[in-house]
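Chemist: Structure below; questions to follow.
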Amino acid sequence: MIRFLSDAVFDCVKGSIDLLESFGVVNENETNDSSASQGQPLLTYDYVLVAKSCDENSQFLRKRNAFIQALKSKELKIEKFTDGDEKVFFCIRAPDSIFETYRYLLKVSDACNWDCEQQGVVRQSTRDGSQVLTSAGLDWMAEQAVALKRDFRQMKLGLRRRRRWRRRWLHFSSFLLQTEGFCWIRIVDFILHHTCVQSEGEDEFTLSLTNGGTRDSEYLPELMKNNVFETHFCLHEKSDQKQLKQSWARWSACFRGQPITKIRNYLGEKVALYFLWLGWYTFLLIPAALIGLVVFLYGLAFYSTSPLIKEVCESEIIMCPLCNNKCKVWKLSDTCAYAKMSLLFDNEGTVAFAMFMAVWATVFLEFWKRHRSSYVCEWRVFDWCEEELNLTSPFSPLSLFLHSPSFPPPLYLFSPHLFLSISLSSHPSSLRSSFHPLSCLLLSEELILEIVNDPKCVPVKHQRFYLSSIIIMLVITLMLLLIIGLTHALVVFRVIATVALAENSNWLVISDNSQVVALMLGSVLHYVTITVMTRVNCMVATKLSEIDTQRSRAAVERSFTINMFIFQFFTMFSSLIYTAFFLGRINGHPGGYVKIAGLWRLEECHPSGCLTDLFIQMSIIMVLKQTFNNIFEYSGPWFSRWLNRKKTQRLMRRCLKCYKKECLEATRGSELCENCKLEDLRRNYSLIKTDRFSIFNEYLEMVIQFSFTTIFVAAFPLAPLLALLNNIIEIRLDAIKMVSLERRMVPTKANDIGVWTDILEAVGVLAVIANGLVIGISSDFIPRLVYQYYYGPCTSSSGGAGVGCMVGYINNTLSVANMSDERVSEDFKAEQRITDTGLNVTHCRYRDYRSSEDFGLTNQFWVILAARLIFILLFQHVVVMFKCVTSWFVATPPLDVRNERLNNKLKRLKKERDSMTKTNDNATTNNVSEKPQEVK
3 MIRFLSDAVF DCVKGSIDLL ESFGVVNENE TNDSSASQGQ PLLTYDYVLV
53 AKSCDENSQF LRKRNAFIQA LKSKELKIEK FTDGDEKVFF CIRAPDSIFE
103 TYRYLLKVSD ACNWDCEQQG VVRQSTRDGS QVLTSAGLDW MAEQAVALKR
153 DFRQMKLGLR RRRRWRRRWL HFSSFLLQTE GFCWIRIVDF ILHHTCVQSE
203 GEDEFTLSLT NGGTRDSEYL PELMKNNVFE THFCLHEKSD QKQLKQSWAR
253 WSACFRGQPI TKIRNYLGEK VALYFLWLGW YTFLLIPAAL IGLVVFLYGL
303 AFYSTSPLIK EVCESEIIMC PLCNNKCKVW KLSDTCAYAK MSLLFDNEGT
353 VAFAMFMAVW ATVFLEFWKR HRSSYVCEWR VFDWCEEELN LTSPFSPLSL
403 FLHSPSFPPP LYLFSPHLFL SISLSSHPSS LRSSFHPLSC LLLSEELILE
453 IVNDPKCVPV KHQRFYLSSI IIMLVITLML LLIIGLTHAL VVFRVIATVA
503 LAENSNWLVI SDNSQVVALM LGSVLHYVTI TVMTRVNCMV ATKLSEIDTQ
553 RSRAAVERSF TINMFIFQFF TMFSSLIYTA FFLGRINGHP GGYVKIAGLW
603 RLEECHPSGC LTDLFIQMSI IMVLKQTFNN IFEYSGPWFS RWLNRKKTQR
653 LMRRCLKCYK KECLEATRGS ELCENCKLED LRRNYSLIKT DRFSIFNEYL
703 EMVIQFSFTT IFVAAFPLAP LLALLNNIIE IRLDAIKMVS LERRMVPTKA
753 NDIGVWTDIL EAVGVLAVIA NGLVIGISSD FIPRLVYQYY YGPCTSSSGG
803 AGVGCMVGYI NNTLSVANMS DERVSEDFKA EQRITDTGLN VTHCRYRDYR
853 SSEDFGLTNQ FWVILAARLI FILLFQHVVV MFKCVTSWFV ATPPLDVRNE
903 RLNNKLKRLK KERDSMTKTN DNATTNNVSE KPQEVK
């Protein structure tokens, strides 16, 4: 009943996309005059190869010509432009027959994603602007255009009309996108990377038309590595680029919704889903940041009246020296400021905030799945299959089509039910019953592109190589051991720095706070280690993905993503894990200190707790990482573009400004003059190179930030606020970089953010475990509760627990070390026992629950340990229960998506049945009419 009510609220009152629009996350209610022309052909070319000019008899030129001939043999059209004596641009166009084959195979293999209302629309996309449409297609397009215009004018009258306009706009743009330029770009990019030349001796090269190649085959990456080609890229479209700059890719649009559909139409579904995910994540950080700020202000408001602070600041307790040789005994009151800082983050509010953040992570992920499903349903990629599957049988429609002599198919076979009827009618009934005619074959686009690239391709058998798997596991283990070793090195550095600063510093402030200064220096060094290890991790993960014998590109990317995230996660959090769970707990006690190489003692926690050390380290790493990443992420591409333009400025002076009317008033579908084409090539060439890691780096940065925001949030309640401020800048920074500073990315089709969803769910589970352990082990929350209700002054009185119940808590947490003990005297020299006032102490205090006689653990230690374990179990089980209830309460996908997909499938199946019946009736009529002629 509750779930039904939640669905009614979320699906009937306000749809998922409408919810995002009302929150300002997206902005799909904008339209422009050029929206109707998005399906028109491109102005220039699908893809560009760039090479340096070389001698006619050079080996590079012969390899280059062989590769170009291999591309031409695949029916690609190539035009050559020479920029003086330095650069050669090979501009590539795919013929219409390739795209027709691609669309047909896509429609047959993924028929579940095609709306039956579009069945009459058969479009032949050519670059001269010609279109071939059936009468039903013309009627459908006219109906959509009229409805869009009418509903846009009346959109402000109510929610229903706005939803209708948005749905029709996304539906209409989804159809137009089927012939949009990025489909051509994706096809040509696949063909380029699956074409090779084979060397025969030193001076002769032959082209390879097979999909596999041999050991001597050189593909495009190898040719670029050998300087045969310099680079390759696809071109930015000036009109679309200008629209995105005006509405999205500029700093003044920081607080405006993102035009997700426009982003998808230009950069593809994969990039659009990234910005949709990032926008939703940034929006949900607002309540988390506000509550975290409230928790911080709560600690700030009450820490001055806390009896714990008063006890530390007014204490006369003498503490034991912090190092071996020159450190002297010190007063507990000297660390009054540190105790105040500790109470800002170690209070009752952090427990509730940690529980809230664990549930918040689940709400974020579940609602993200709803929003994603709404968009991919509107984009008709809900059932999109990223990886290839085996063919169902040798007589499946796709197999029959591949072996048909009429390959590629004519346009009238664009309807799947017509093709199924024709294929079935030409084979015996026993074969026709081997598969269901209305089944939806979910083959991947990659497999379709393989067929488009080489019609004679053969499937690659699934194999598993145990040797490569063992090697990968060993390398991953060695990398994790290396990262853990670096963590130990950071610990050693902090220990040595603490002693060096305390003994050799000329500044009293540094020598008195040597442990804090060493912690801050270690955090900075940790950030430097993260920066260096990021490159090492990327190199190792790339090599592992090459060793891994995965069949598809999607599987390789998934393997690379998981390996890279594991490496980065351990690099980021290994030192934080040590600070949170091991600092101050393995250092020993006076007379039995744990020392490194017998010289340097391990670090100790402050008497007020260890949580402040974790807070300092997290804040330094997060601030440095976000600040420097944003600076270099923007300034690096900007400076590189400026430098490239300076290099090409001399060549650009040779190109006279074009004043032709056809070029100044160019529209989509028109041809530019060679002068303007060359200028456009130079402009795109001067931009920053992009590759498949471009969007991966953005995902990795944000997922690591999500981990920082959730896993140790109990120690750093301000982490969501810093993440929110960073993401507001990050969205526009990435938008400006992708639209203005970088070359256009190869648009990729997707219906999800991939394996990142599984990683985010794993991080959410780790957040529950880590926050429970931080509160139960690192925080003083449990010891304070035990003291308040079991050992404090209020336990013997009849009054309730109040502020006075915590009096004496600090003294209760400190144990006594007698200087007369032989074991203690070995650790502390005589000059270390003298205070600054000249007093020679006979005993000192240290943080632990130990006996002053034999240094054994007291009963209170075991009571507190039991309370810690009970709290950890209760915390984790309660939070997991709330997470499960929240996940169950939020239905995924929304009901409107389910109903729309159900209705669309039902209409398609009915149309398939009617078409099949009509075809059979026509066949029966033809057979009856032919019988009298046979008798005669």
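So the working numbering is basically just the index in the sequence shown, starting at one, shifted up by 2.
We treat Cβ as the ideally placed atom computed from N, Cα and C, and that holds for glycine.
1. I'd like to check one pair, S576 with A247: are the Cβ atoms closer than 8 Å?
2. Using three-state DSSP, classify E914 as helix, strand or coil.
3. From the DSSP secondary-structure annotation, give me the bridge partner or partners of C846.
4. Output the residue ranges of the alpha helix (DSSP H) runs that lie fully inside the stretch 665-740 and measure 4 residues or longer, sorted by chain position.
5. May I ask which residues mark the beginning and end of the alpha helix (DSSP H) holding Y49?
6. Looking at the secondary structure, which residues open and close the alpha helix (DSSP H) in which R258 lies?
7. Please report whether the beta-carbon of A556 lies at a distance below 8 Å from any beta-carbon of chain D.
8. Give me the Cα-Cα distance between W186 and E676, rounded to the nearest whole angstrom.
9. Where does C322 land, buried or exposed, given buried means 16+ other C-beta within 10 angstroms?
10. Can you check whether the CB of L613 is closer than 8 Å to the CB of S781?
11. State the start and end residues of the unbroken beta strand (DSSP E) segment that holds I94.
12. Going straight from the alpha carbon of A717 to that of S471, what length do you get?
13. At which residues does the beta strand (DSSP E) containing I80 begin and terminate?
14. Could you tell me whether the Cβ atoms of I453 and S525 are closer together than 8 Å?
15. What are the residues that DSSP puts in a beta bridge with M321?
16. Whole angstroms are fine: how far does the CA of I777 sit from the CA of K328?
17. Decide if W602 is buried, meaning its Cβ has at least 16 other Cβ atoms within 10 Å, or exposed.
18. If you draw a straight line from the alpha carbon of Q61 to that of K82, how long is it in whole angstroms?
19. If we count the other Cβ atoms within 10 Å of its Cβ and call it buried at 16 or more, is P412 buried or exposed?
20. Just to confirm my understanding: we take I706, look at its own chain, exclude 5 residues before and 5 after, and list those with CB closer than 7 Å. What are they?
21. Please classify W602: does DSSP put it in a helix, a strand, or coil?
22. Quick one: residues in its chain with C-beta nearer than 8 Å to the C-beta of W282, no 5 flanking neighbours on either side, listed in chain order?
23. Rounded to the nearest angstrom, how far is the Cβ of A981 from that of L689, given a contact under 8 Å?
24. Short of 7 Å in beta carbon distance, which residues of its chain neighbour V748, apart from the five on each side in sequence? Order them along the chain.
25. Measure the Cβ-Cβ separation of A819 and C846 and say whether it is below 8 Å.
26. Kindly indicate which residue of G351, T364, K463 and V770 has the alpha-carbon position closest to the one of L876.
27. For R746, which residues from the same chain have a beta carbon less than 6 Å from its beta carbon, with the 5 sequence-adjacent residues on both sides left out?
28. What are the residues that DSSP puts in a beta bridge with E220?
29. As a quick exercise: from V542, Y268 and F583, pick the residue whose alpha carbon is nearest that of N565.
30. When the Cα of I579 is compared with those of C540, G294, H490 and Y687, which residue comes out closest?
31. Can you determine whether any heavy atom of the ligand SAH sits closer than 7 Å to the C-beta of I193, and answer yes or no?
32. Can you grab the Cα-Cα spacing for the pair W253 / T750, in whole Å?
33. Reducing DSSP to helix, strand and coil, say where T536 ends up.
34. What is the DSSP secondary structure of L859, reduced to helix, strand or coil?
35. So which of S55, K89, F91 and F101 has the shortest CA-CA distance to K76?
36. Closest to T837 by C-alpha separation, out of K920, V331, V538 and D550, would be which residue?
Modeler: Let me lay it out:
1. Indexing the sequence shown from 1 puts residue 247 at position 245. Indexing the sequence shown from 1 puts residue 576 at position 574. Sequence inspection shows Lys at residue 247; the Ala mentioned does not correspond to that position. Not closer than 8 Å, so no.
2. Within the sequence shown, numbered from 1, the residue matching residue 914 stands at position 912. The answer is helix: DSSP assigns E914 an H, G or I state.
3. Taking the first residue of the sequence shown as position 1, residue 846 is located at position 844. Beta-bridge pairing links C846 to A819.
4. Correct list: 676-687, 695-712 and 721-738.
5. Against the sequence shown, residue 49 aligns to sequence position 47. Here Y49 belongs to no alpha helix (DSSP H); instead the beta strand (DSSP E) covers Y49 to K54.
6. Walking along the sequence shown from the start, residue 258 turns up at place 256. Looking at the DSSP string, R258 is not in any alpha helix (DSSP H), and its letter there is neither H nor E.
7. Protein chain content of the structure displayed is limited to a single chain, and chain D is not contained in it.
8. In the sequence shown, counting from the first residue as 1, residue 186 sits at position 184. In the sequence shown, counting from the first residue as 1, residue 676 sits at position 674. Roughly 22 Å separates the two Cα atoms.
9. Residue mapping note: residue 322 aligns to position 320 of the sequence shown, counting from 1. By the neighbour-count rule (16 or more Cβ atoms within 10 Å), C322 is buried.
10. Taking the first residue of the sequence shown as position 1, residue 781 is located at position 779. Taking the first residue of the sequence shown as position 1, residue 613 is located at position 611. Result yes, Cβ atoms of S781 and L613 sit closer than 8 Å.
11. Counted from its first residue, the sequence shown places residue 94 at position 92. K89 to R95 is the span of the beta strand (DSSP E), which, as asked, contains I94.
12. Taking the first residue of the sequence shown as position 1, residue 717 is located at position 715. Taking the first residue of the sequence shown as position 1, residue 471 is located at position 469. Using only the alpha carbons, I get a separation of about 39 Å.
13. Locating residue 80 in the sequence shown gives position 78, where the first residue counts as 1. First-last of the beta strand (DSSP E) with I80: K79 to D85.
14. The residue you call residue 453 lines up with position 451 of the sequence shown. The residue you call residue 525 lines up with position 523 of the sequence shown. No.
15. Reading the sequence shown from its first residue, position 319 is the one you call residue 321. W332 and R847, per the DSSP bridge assignment.
16. On the sequence shown, residue 328 is found 326 positions in, with the first residue counted as 1. On the sequence shown, residue 777 is found 775 positions in, with the first residue counted as 1. Whole-angstrom Cα-Cα distance: 35 Å.
17. One-based indexing of the sequence shown puts residue 602 at position 600. So W602 counts as buried.
18. What you label residue 61 is simply residue 59 of the sequence shown in a count that begins at 1. What you label residue 82 is simply residue 80 of the sequence shown in a count that begins at 1. Taking the straight line joining both Cα atoms gives about 19 Å.
19. Taking the sequence shown and counting its residues from 1, the one referred to as residue 412 is at position 410. Legend: pLDDT at P412 = 35, less than 50; position of this residue unreliable, value from coordinates given subsequently. P412 should be labelled exposed.
20. To locate residue 706, count along the sequence shown from 1; it is residue 704. Taken in chain order, the residues that qualify are Q570 and M574.
21. Residue numbering aside, residue 602 sits at position 600 when the sequence shown is read from its first letter. In this structure, W602 counts as strand in the three-state DSSP scheme.
22. Taking the first residue of the sequence shown as position 1, residue 282 is located at position 280. Excluding five sequence positions before and after W282, the CB atoms of its chain that fall closer than 8 Å to its own CB belong to L22, V27, F366, F369, W370 and H373, given in chain order.
23. No answer is possible for residue 981: it lies beyond the span of the chain, which begins at 3 and ends at 938.
24. To locate residue 748, count along the sequence shown from 1; it is residue 746. Excluding sequence neighbours, V748 sits near I187, R188, D191 and C236.
25. As a first step, residue 819 must be located in the sequence shown, where it is residue number 817. As a first step, residue 846 must be located in the sequence shown, where it is residue number 844. In terms of Cβ geometry, A819 and C846 form a close pair [threshold 8 Å].
26. In the sequence shown, residue 876 corresponds to position 874, counting from 1. Measuring from the Cα of L876, the nearest candidate turns out to be V770.
27. Here residue 746 refers to the residue found at position 744 of the sequence shown. C236 and H238.
28. Mapped onto the sequence shown, residue 220 falls at position 218. Paired residue(s): V199.
29. Sequence index remark: in the sequence shown, residue 565 carries index 563 (1-based). Looking at the Cα atoms, V542 is the closest of the given residues.
30. Position 577 of the sequence shown, counted from the start, is the residue given in the question as residue 579. Of the listed residues, the one whose Cα sits closest to I579 is H490.
31. Ligands are entirely absent from the displayed structure, and the ligand SAH is therefore not among its contents.
32. Within the sequence shown, numbered from 1, the residue matching residue 253 stands at position 251. Within the sequence shown, numbered from 1, the residue matching residue 750 stands at position 748. Their backbone Cα atoms lie some 26 Å apart in a straight line.
33. Sequence index remark: in the sequence shown, residue 536 carries index 534 (1-based). Under the three-state reduction of DSSP, T536 is assigned to helix.
34. In the sequence shown, counting from the first residue as 1, residue 859 sits at position 857. Three-state result, L859: strand.
35. Walking along the sequence shown from the start, residue 76 turns up at place 74. Considering only alpha carbons, the answer is F101.
36. Your numbering for residue 837 matches position 835 in the sequence shown. Comparing Cα positions, the closest option is V331.
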